[in-house]
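Participant: With full-length UniProt numbering, the residue at position 26 of the sequence shown is 26, and numbering never jumps.
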Amino acid sequence: MNYSDFYKESIENPEGFWKKQADGIDWFTKPQTTLSKDANDYPLWFKDGELNACYLALDKHINDGHGDEFALIYDSPVTQTIKKFTFTEVRTEVAKLAGGLLSLGLKKGDTAVIYMPMIPQAAFAMLACARIGVTHSVVFGGFAPHELAIRIDDSKPKAIITASSGIEIDRLIAYKPLVDEAIALAEHKPDNVVIFNRKLGARVPFKKYDIDYDALVYGSEEADCVPVNATHPLYILYTSGTTGKPKGIVRDTGGHAAALKFSMQYIYGVKEGEVFWAASDIGWAVGHSYTIYGPLFNRNTSIIFEGKPVRTPDASTFWRIISEHKVSVMFTAPTAIRAIKKEDPNGEFIKQYDLSSLRTQFLAGERCDVATLEWYREHIPIPVIDHWWQTESGWPMIANMMGVEYLPIKPGSSGKPVSGYDIRIFGENGEELGPNEEGYVVIKLPLPPGTMLDIWNDSERFKAGYLTKFPGYYFSGDGGFIDNDGYVFITGRVDDVINVAGHRLSTAEMEEIVASHSSVAECAVIGINDALKGQIPLALVVIKSGDDMESFQLEHEIVHLVREKIGAVASLRNVIIMQRLPKTRSGKILRKLMRSIVDGDSYQIPSTIDDEAIVEELKTVLSEYKIGAFK
C-alpha cells in the first residue's frame, strides 16, 4: 500500500474514506449519514448510526468464536501478580457489573466517575458503563480530593467506582478516604460509591452510600448491551487548561470506534490476535484509547500494567513483560525509556531477555529526543516510532503509518500526517507558511472521526480554545514546521518558543543538543526573563547514574555544545543539575511550571504533578545557583 495515495484519498474524499472504515465495524443501526456538521460547523460523524462500544470490545469476538482467546493480561510487579482473562471471562464480569449498576438506578445518559488504580476492575468498570450507555469519567487514581471534587461537580456522576487502594513503589495509597473527602468538598453528591476491596491493608471507612463491588457483581444478573447513538458521549476525560479549571474532553462512540479500529490496523500495524501493550494509566488518553478500547476493538490481547519502568523491581521490567507475554507492538512515553536508560545506560538488562516478538516500539506523550531514540535502536534494532497526538484528538495525528507503508524515520520528526488530518503551518495572522518555516500547527476542518466532540458543559470554551483563532481550522496549541519532504516537526507548545533578542528559538531544539551530551540522562530547557534580551534559555539536567562529572565542567561543555550547534544567539549560560525534574504522572515535564517558578511569577501546582515535593527542591537548587528571581 502507498502512503501518499492512501493519505490523499482521506483528504480529498473524507466521506467515502471513512464510510469504508465504518463499514468494518458492527452497528446495531448502520449510519445512512457519514458526515454532517453541528451548530459550530464542527464535524459530526455517523450521526444516525447506533452501536455499543462494549459489544465491539467483547461480545462481537465471542460471537465470532474467539471467546477463549485472552483479552487482558494483568501484570503487577508491585503485588507480584499475573492474571489472564479471556474475552468470555471479561464479558461475564462486565455484564454482571453492568447489571449491578442498573440495579443502583444508573441508566443510559447518566454519568459515573471511575477512580481506580491499574487493575482489571478498572477496565471492567469502563466497559460496564459503556455496556449500558453510562458516560464514564476516569480520574487518575490518587488525585487529591480537591481535584476529584472539581471533576465530580463538573460531570455530576450518579455513582463513583473506586478501589480500596493504589500502590506506589514504596507505599500503599488508601483511596476511600480521598473519595469521601472529595464528596464532602463537592456540591454534587453521588448516590453511591462502589468499592472494590483489594484486601491489601488499606483503611476503608464505611459510609451509608457505600456498595461492595464483589457483592454487587455476585448478586446481579448479566445486562445486555444498550444501543446508543454514534454521537452519544462514551466518556469525559479531563485535561489541564490554561485557566486552571480542567477541561472535560467529550469523546463520541461511533467515530471513536471507527477511528481506533483504523488506527490499530493502519498506524500501529497490529494484526488481530496479537499482544499489544500501551504502558499507560487509564487516567490518561493513551490508557483509554490503547490500553482498553483500541486493542479490544481489534481483538488484541492488551496488558494492564501496575508498576513503573524502574524500581519494580529494576530497569528490566519492560523487557521481562515483552519477553514473557510475547508483545508484538509496544507504546510508551519517552520518559519511561529515558528512566530505563538512566538506570541501565549500557542495556545490560536488555541482553537477558528474548525480545524477538517485539516488532515496533511507539513513543508519544512528549517529544522524543534523538539521543533516546538512538539509544533504543542501538540496543533493540527495530523501528522506533515517535508520533504525535493529544487528549483532544484521542488518536494519532502525525505518525509513521506502519500498517500502510513504513517510511524512512527522521529523528526529531513525528512523521507525516495521519489519514484524515490535513495539517498546515500558519503564521500569526493566519497566513500559511512554507517548508521549514516555524509557526502554529493547525488542522483544516473537518477533523476525522474519533476526535473530541465538545467540552463537557462548556461549548463556548470549546469554540474559544480550538476553533476561533483560525476559523475553519482546529488550533492545536503547538508550534512546528513541515520540511520539504512533508515530515512534520513539533517544536513544543507555542509558549515554549522563546524570543532571545528578537530571535525566535525553539527550546525543543536546544533540548535535543543538551540531551546529546554523554552525561545527560534527561533535560528540560525553558525560557526565562532577562532584562537585556527579553528571554534567555536555562537548561535543567539530570545526569546519568554513576556519572561523576563536575557541575562546572558539565555546564562548560553543554554551553559550548549549544553555541556550536545553534550559535551564540542562543545565549545559553546556565546549566543546573537536578536529581529529578517536575513531571506529570504521565511523564510530561512541567516546563511552564518551572518557568513561572524561575521568573518569580504566580503559579498553580497542577493536579497532575507526580510529586509536589519537587517544587521545593527546585526552589532550593535555584537559590543555590542564584538563578532568575532567586538571585
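All C-beta atoms in this analysis are idealised placements derived from N, C-alpha and C, irrespective of residue type, glycine included.
Small disclaimer: the values here were computed from a predicted structure and weren't measured.
#1: Specify, as a first and last residue, the run of the beta strand (DSSP E) that Ala39 falls within.
#2: Is Leu618 closer than 8 Å to Ile589 when the C-beta atoms are compared?
#3: Looking only at C-alpha atoms, which of Glu612, Ser459, Thr608, Gln121 sits nearest to Tyr304?
#4: Are Ala98 and Ile161 touching if we call contact CB-CB under 8 Å?
#5: Hey, how far is the Cα of Ser571 from the Cα of Phe481?
#6: Looking at the structure shown, is Lys416 part of a helix, part of a strand, or coil, going by DSSP?
#7: What did DSSP end up calling Gln121 once you bin it into helix, strand or coil?
#8: Can you check whether the CB of Thr231 is closer than 8 Å to the CB of Leu51?
#9: Let me know if Gln265 comes out buried or exposed under the rule of 16 or more other beta-carbons within 10 Å of its beta-carbon.
#10: Under 8 Å: do the segment 457 to 470 and the segment 362 to 378 share three or more Cβ pairs, one atom per stretch?
#11: Suppose contacts are defined by Cβ-Cβ distances below 8 Å. Is Arg251 in contact with Met452 by that definition?
#12: Find the nearest neighbour of Thr335 within the set Asp386, His288, Glu378, judged by alpha-carbon distance.
#13: CB Ile282 to CB Met118, shorter than 8 Å?
#14: Assuming Ala521 and Lys544 form a contact by the criterion Cβ under 8 Å, report the distance between their Cβ atoms to the nearest whole angstrom.
#15: Taking the alpha-carbon positions, what's the Glu517 to Leu35 distance?
#16: May I ask you to list the residues that DSSP assigns as paired with Pro537?
#17: So what's Met330 in DSSP terms, helix, strand or just coil?
#18: Would you say the segment 554 to 566 touches the segment 526 to 536, given that touching needs at least three Cβ pairs under 8 Å?
#19: Kindly identify the DSSP beta-bridge partner or partners of Glu522.
#20: Can Tyr175 and Ala163 be called in contact, C-beta distance under 8 Å?
#21: For the candidate residues Leu237, Tyr3, Asp599, Val90, whose alpha-carbon lies nearest to that of Ile528?
#22: Does the beta-carbon of Trp395, which I'm using as the reference point, lie nearer than 7 Å to any heavy atom of the ligand ADP?
#23: Which value, in whole angstroms, describes the spacing of the CA atoms of Thr468 and Ile409?
#24: Are the segment 353 to 365 and the segment 314 to 334 touching, with three or more C-beta to C-beta distances below 8 Å?
#25: Which whole runs of the beta strand (DSSP E) in the segment 476 to 510 are 3 residues long or more, in chain order?
#26: Is the separation between the beta-carbon of Leu58 and that of Asp26 shorter than 8 Å?
#27: Taking all protein chains shown into account, decide if Lys199 is buried (16 or more other Cβ within 10 angstroms of its Cβ) or exposed.
#28: Does Lys341 come out as helix, strand or coil in the three-state DSSP assignment?
#29: According to the neighbour-count rule (16 or more other Cβ atoms, all chains shown, within 10 Å of its Cβ), is Gly365 buried or exposed?
#30: On the DSSP letters alone, give me the boundaries of the beta strand (DSSP E) that Leu363 sits inside.
#31: Can you tell me which of Gly628, Val418, Gly546, Glu550 puts its alpha carbon nearest to the alpha carbon of Ile11?
#32: Consult DSSP for Asp5 and reduce its assignment to one of helix, strand or coil.
#33: Please name the residue, chosen from Tyr213, Phe630, Pro43, Glu168, that lies closest to Val94 on a Cα-to-Cα basis.
#34: Looking only at its own chain, which residues have a Cβ that is under 6 Å from the Cβ of Glu15, when we skip the five neighbours before and after it?
#35: Less than 7 Å between C-beta atoms, sequence neighbours within five positions excluded: which residues of the same chain meet that for Ile627?
#36: Tell me the rounded alpha-carbon separation between Gly141 and Gly415.
Facilitator: On the basis of the supplied data:
#1: Stepping through the sequence shown from its first residue, residue 39 is reached at position 39. For Ala39, no beta strand (DSSP E) run applies, since DSSP gives it neither H nor E.
#2: Position 589 of the sequence shown, counting from 1, holds the residue named residue 589. Position 618 of the sequence shown, counting from 1, holds the residue named residue 618. Contact: no.
#3: Here residue 304 corresponds to residue number 304 of the sequence shown, with the count starting at 1. Residue identity check: residue 304 is Ile in the sequence provided, not Tyr. The shortest CA-to-CA distance from Ile304 to any of Glu612, Ser459, Thr608, Gln121 is the one to Gln121.
#4: As a working mapping, residue 98 is identified with position 98 in the sequence shown. As a working mapping, residue 161 is identified with position 161 in the sequence shown. Annotated as distal: Ala98 and Ile161, with beta-carbon spacing of 8 Å or more.
#5: Within the sequence shown, residue 571 is the residue found at index 571, counting from 1. Within the sequence shown, residue 481 is the residue found at index 481, counting from 1. Put simply, the backbone Cα of Ser571 is about 23 Å away from that of Phe481.
#6: Sequence index remark: in the sequence shown, residue 416 carries index 416 (1-based). Assignment of Lys416 by DSSP, reduced to helix, strand and coil, places it in the strand class.
#7: What you label residue 121 is simply residue 121 of the sequence shown in a count that begins at 1. Note: Gln121 maps to helix in three-state DSSP.
#8: Looking up residue 51 in the sequence shown gives position 51. Looking up residue 231 in the sequence shown gives position 231. It is not a contact, given that the beta carbons lie outside the stated cut-off.
#9: In the sequence shown, residue 265 corresponds to position 265, counting from 1. Taking every protein chain shown into account, the CB of Gln265 has 16 or more other CB atoms within 10 angstroms, so this residue is buried.
#10: Contact between the segment 457 to 470 and the segment 362 to 378 is absent, because fewer than three Cβ pairs lie under 8 Å.
#11: Taking the sequence shown and counting its residues from 1, one reaches residue 251 at position 251. Taking the sequence shown and counting its residues from 1, one reaches residue 452 at position 452. Contact check for Arg251 against Met452 passes: the beta carbons are separated by less than 8 Å.
#12: Mapped onto the sequence shown, residue 335 falls at position 335. For Thr335, the nearest C-alpha among the options comes from Asp386.
#13: Taking the first residue of the sequence shown as 1, we reach residue 282 at position 282. Taking the first residue of the sequence shown as 1, we reach residue 118 at position 118. Result yes, Cβ atoms of Ile282 and Met118 sit closer than 8 Å.
#14: Your numbering for residue 521 matches position 521 in the sequence shown. Your numbering for residue 544 matches position 544 in the sequence shown. Between Ala521 and Lys544, the beta carbon gap of about 5 Å places them in contact (Cβ cut-off 8 Å).
#15: By one-based count along the sequence shown, residue 517 stands at place 517. By one-based count along the sequence shown, residue 35 stands at place 35. Note that residue 517 is His in the sequence shown here, rather than Glu. The straight-line gap from Cα to Cα measures roughly 50 Å.
#16: By 1-based counting over the sequence shown, the position of residue 537 is 537. Paired residue(s): Gly527.
#17: Stepping through the sequence shown from its first residue, residue 330 is reached at position 330. The DSSP-derived three-state label of Met330 is strand.
#18: By the criterion of at least three beta-carbon pairs nearer than 8 Å, the segment 554 to 566 is not in contact with the segment 526 to 536.
#19: Walking along the sequence shown from the start, residue 522 turns up at place 522. Per DSSP, the beta bridge partners of Glu522 are Val542.
#20: What you label residue 175 is simply residue 175 of the sequence shown in a count that begins at 1. What you label residue 163 is simply residue 163 of the sequence shown in a count that begins at 1. For Tyr175 and Ala163, yes; Cβs fall inside 8 Å.
#21: Walking along the sequence shown from the start, residue 528 turns up at place 528. Nearest C-alpha to Ile528: Asp599.
#22: For the structure depicted, the ligand ADP is absent and the ligand set is empty, with no information on it obtainable.
#23: Here residue 468 refers to the residue found at position 468 when the sequence shown is read from its first residue. Here residue 409 refers to the residue found at position 409 when the sequence shown is read from its first residue. Thr468 and Ile409: Cα-Cα distance of roughly 34 Å.
#24: Because the criterion of three Cβ pairs below 8 Å is met, the segment 353 to 365 and the segment 314 to 334 touch.
#25: Counting only unbroken stretches of 3 or more residues, the beta strand (DSSP E) elements lying wholly within the segment 476 to 510 are 488 to 493, 497 to 500, 503 to 506, in sequence order.
#26: Your numbering for residue 58 matches position 58 in the sequence shown. Your numbering for residue 26 matches position 26 in the sequence shown. The answer is no: Cβ separation not under 8 Å.
#27: Position 199 of the sequence shown, counting from 1, holds the residue named residue 199. Classification for Lys199: exposed.
#28: For this step, residue 341 is matched to residue 341 along the sequence shown. DSSP places Lys341 in the helix class (H, G or I) of the three-state scheme.
#29: Within the sequence shown, the letter at position 365 stands for residue 365. The residue in question, Gly365, is buried, as its Cβ has 16 or more Cβ neighbours within 10 Å.
#30: Within the sequence shown, numbered from 1, the residue matching residue 363 stands at position 363. For Leu363, the enclosing beta strand (DSSP E) stretches over residues 360 to 363.
#31: As a working note, residue 11 is residue 11 in the sequence shown. Nearest C-alpha to Ile11 among Gly628, Val418, Gly546, Glu550: Val418.
#32: Here the question's residue 5 lines up with position 5 in the sequence shown. Helix, per DSSP.
#33: Taking the first residue of the sequence shown as position 1, residue 94 is located at position 94. Comparing Cα-Cα distances from Val94 to each of Tyr213, Phe630, Pro43, Glu168, the minimum goes to Tyr213.
#34: As a working mapping, residue 15 is identified with position 15 in the sequence shown. Counting only residues of its own chain and dropping the five nearest sequence neighbours on each side, Glu15 has a CB closer than 6 Å to the CB of Thr34, Leu35.
#35: Indexing the sequence shown from 1 puts residue 627 at position 627. Contacts found: Leu538, Asn574, Ile576, Val598.
#36: Counting from one through the sequence shown, the residue named residue 141 turns up at place 141. Counting from one through the sequence shown, the residue named residue 415 turns up at place 415. When rounded, the distance between both Cα atoms is 33 Å.
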